[in-house]
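Numbering (our numbering), first residue to last: -8 to 400.
A virtual CB, placed ideally from N, CA and C, is assigned to each residue, including glycine.
Here's the structure we're looking at; comments come further down.
Have a look at this one:
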């Protein structure tokens, strides 16, 4: 049951990411997790089972060699597969009680400040991937590594994710007084993140996430800015503090449209060297589109977004992130055919990319291309049956196909 939970959660978490991961790691994933879980369970039972546990350890060595070859380098979509490999490695090290080795592993990423092909710190992406862990494994890590900041960072982020889920389930989109359950989650998140920061003040993750705590708990701007400044002074290329401050400054939270716009533009024009903080403009565009899917940027923002696309392409040529936002922009600024071409090109390499399929589906609906919309809708439904868009668009497509017959595609 524990392994099934991890597998299901991990797959769901990554469906919006590069599917090549799951294709490359299927054997490695199931072998490693089933063996690790068996080892964990068996070692708690009869002594005979401990012999089987040792046998599992031997097999794990062989699987580890296979797994390393699977994850070396970049995948075809340009996403750095080392993040996924590290996820498996972290879980294995926790289950086998090798906490010093785990500390050294994550400290190594912190020291190297290496970047993924999508322009994020490896460690930042690793922390995000670890939210898919079984909570029992996470608690074991916290209990056995009380002087390490890493488990407290991950658990703090986990409580923040639980907060987001609570608010989403209540239909809350903007600041509201926290419920008693949400308050408890936020208190625990803040406590873990502050402890992590006290253990390692040079790690930007904790203060970066405390910016989100400030947003959810309604702290004044000077508190939010203190944590923001601490994070970016530690590592100007760590993206979470910028993302969380952009959300804090939204009109739905504690800022205004003007403040949010100015911050997004500043991130795009004053990005520190060797960083992708200019990509915060993409998040800003996402937030505008969430409020109004028909939104068009003003001339200044439009020019800057296209410049940011070009900048991102030049800095990170093996990612489709800037191409995706270029397509979104073109779909709303008079070039829908170009947008469709870009999205279709991405899907040739990443045929299960949920965000890209959704964008192409929306474009087909907007243009009345019902057959194309039907194809993408069926694909989306097969990949994520619970996704609201795949359900809501079926009736629209059905009416379109019946009412308009054959549409030039």
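Take residue i as the anchor and find which of the options has the nearest alpha-carbon.
{"i": "residue 314", "options": "351, 204, 246", "result": "351"}
{"i": "residue 282", "options": "248, 204, 289, 266", "result": "248"}
{"i": "residue 234", "options": "277, 208, 213, 265", "result": "277"}
{"i": "residue 96", "options": "111, 79, 110, 167", "result": "79"}
{"i": "residue 254", "options": "266, 236, 264", "result": "236"}
{"i": "residue 202", "options": "219, 271, 256, 318", "result": "219"}
{"i": "residue 297", "options": "319, 280, 191, 310", "result": "319"}
{"i": "residue 390", "options": "359, 245, 262", "result": "359"}
{"i": "residue 373", "options": "349, 392, 394", "result": "349"}
{"i": "residue 321", "options": "185, 287, 376", "result": "287"}
{"i": "residue 178", "options": "166, 212, 148", "result": "148"}
{"i": "residue 119", "options": "167, 229, 87", "result": "229"}
{"i": "residue 85", "options": "130, 98, 75", "result": "130"}
{"i": "residue 284", "options": "324, 170, 246", "result": "324"}
{"i": "residue 146", "options": "180, 156, 137, 167", "result": "180"}
{"i": "residue 263", "options": "366, 223, 82, 289", "result": "223"}
{"i": "residue 221", "options": "208, 189, 240", "result": "189"}
{"i": "residue 208", "options": "169, 217, 240", "result": "169"}
{"i": "residue 239", "options": "265, 274, 227", "result": "274"}
Drop a sphere of 10 angstroms on the beta-carbon of residue i, count the other beta-carbons inside from all chains shown, and report buried for 16 or more, exposed for fewer.
{"i": "residue 251", "result": "buried"}
{"i": "residue 26", "result": "Here the model assigns residue 26 a pLDDT of 41, short of 50, so the residue's position is not dependable, and the following value carries that caveat. The residue is buried, with at least 16 neighbouring Cβ atoms inside 10 Å."}
{"i": "residue 139", "result": "buried"}
{"i": "residue 161", "result": "exposed"}
{"i": "residue 344", "result": "buried"}
{"i": "residue 363", "result": "buried"}
{"i": "residue 159", "result": "exposed"}
{"i": "residue 387", "result": "exposed"}
{"i": "residue 183", "result": "buried"}
{"i": "residue 73", "result": "buried"}
{"i": "residue 125", "result": "buried"}
{"i": "residue 103", "result": "exposed"}
{"i": "residue 42", "result": "Bear in mind that the predicted position of residue 42 carries a pLDDT of just 39, short of 50, making it too unreliable to give a figure here."}
{"i": "residue 406", "result": "A query on residue 406 cannot be resolved here, the shown segment of the chain reaching from -8 to 400 and no further."}
{"i": "residue 173", "result": "buried"}
{"i": "residue 394", "result": "exposed"}
{"i": "residue 205", "result": "buried"}
{"i": "residue 245", "result": "buried"}
{"i": "residue 111", "result": "buried"}
{"i": "residue 377", "result": "exposed"}
{"i": "residue 342", "result": "exposed"}
{"i": "residue 232", "result": "buried"}
{"i": "residue 47", "result": "Any reading at residue 47 must be qualified, since the residue scores a pLDDT of 34, below 50, and its modelled position is unreliable; the value itself is stated next. It is buried - the Cβ of residue 47 has at least 16 other Cβ atoms within 10 Å."}
{"i": "residue 167", "result": "exposed"}
Can you list, in chain order, the residues of its chain whose CB lies under 8 Å from that of residue i, leaving out five sequence neighbours each side?
{"i": "residue 335", "result": "351"}
{"i": "residue 384", "result": "352, 356, 364, 368"}
{"i": "residue 225", "result": "192, 193, 194, 195, 198"}
{"i": "residue 256", "result": "272, 291, 292, 295"}
{"i": "residue 185", "result": "197, 201"}
{"i": "residue 88", "result": "135"}
{"i": "residue 392", "result": "361, 362, 365"}
I need the boundaries of the alpha helix (DSSP H) containing residue i, first residue and last residue.
{"i": "residue 106", "result": "From DSSP, residue 106 is part of no alpha helix (DSSP H); its letter is neither H nor E."}
{"i": "residue 374", "result": "361 to 374"}
{"i": "residue 286", "result": "Looking at the DSSP string, residue 286 is not in any alpha helix (DSSP H), and its letter there is neither H nor E."}
{"i": "residue 115", "result": "113 to 120"}
{"i": "residue 73", "result": "73 to 86"}
{"i": "residue 130", "result": "126 to 135"}
Just to confirm, does residue i get its C-beta within under 7 Å of one of the non-hydrogen atoms of the ligand NAD?
{"i": "residue 272", "result": "With respect to the ligand NAD, the structure offers nothing, as it holds no ligand at all."}
Can you give me the Cβ contacts of residue i inside the same chain, cut-off strictly under 7 Å, excluding the 5 residues immediately before and after it?
{"i": "residue 152", "result": "122"}
{"i": "residue 100", "result": "113, 114, 117"}
{"i": "residue 331", "result": "351, 354"}
{"i": "residue 302", "result": "269"}
{"i": "residue 132", "result": "85, 142"}
For residue i, collect the residues of the same chain with a Cβ closer than 6 Å to its Cβ; drop the 5 residues on either side in sequence, then sort them by chain order.
{"i": "residue 105", "result": "113"}
{"i": "residue 259", "result": "269, 272, 295, 299"}
{"i": "residue 187", "result": "140, 143, 144, 197"}
{"i": "residue 176", "result": "150, 153, 154"}
{"i": "residue 91", "result": "none"}
{"i": "residue 135", "result": "90"}
{"i": "residue 304", "result": "313"}
{"i": "residue 267", "result": "110"}
{"i": "residue 39", "result": "The predicted position of residue 39 is uncertain, since its pLDDT is 43 and thus under 50; a value taken from the coordinates is nonetheless stated next. Cβ neighbours of residue 39 beyond the five flanking positions: none."}
Continuous alpha helix (DSSP H) assignments of at least 4 residues falling wholly in the stretch 160 to 236: Segments of the alpha helix (DSSP H) lying fully in the stretch 160 to 236: 171 to 190, 196 to 208, 212 to 225.
Completely contained alpha helix (DSSP H) runs for the stretch 292 to 358, where each covers 4 or more residues: 312 to 323, 327 to 340, 345 to 358
Any alpha helix (DSSP H) of 4 or more consecutive residues that is wholly inside the stretch 239 to 284: 248 to 260, 271 to 282
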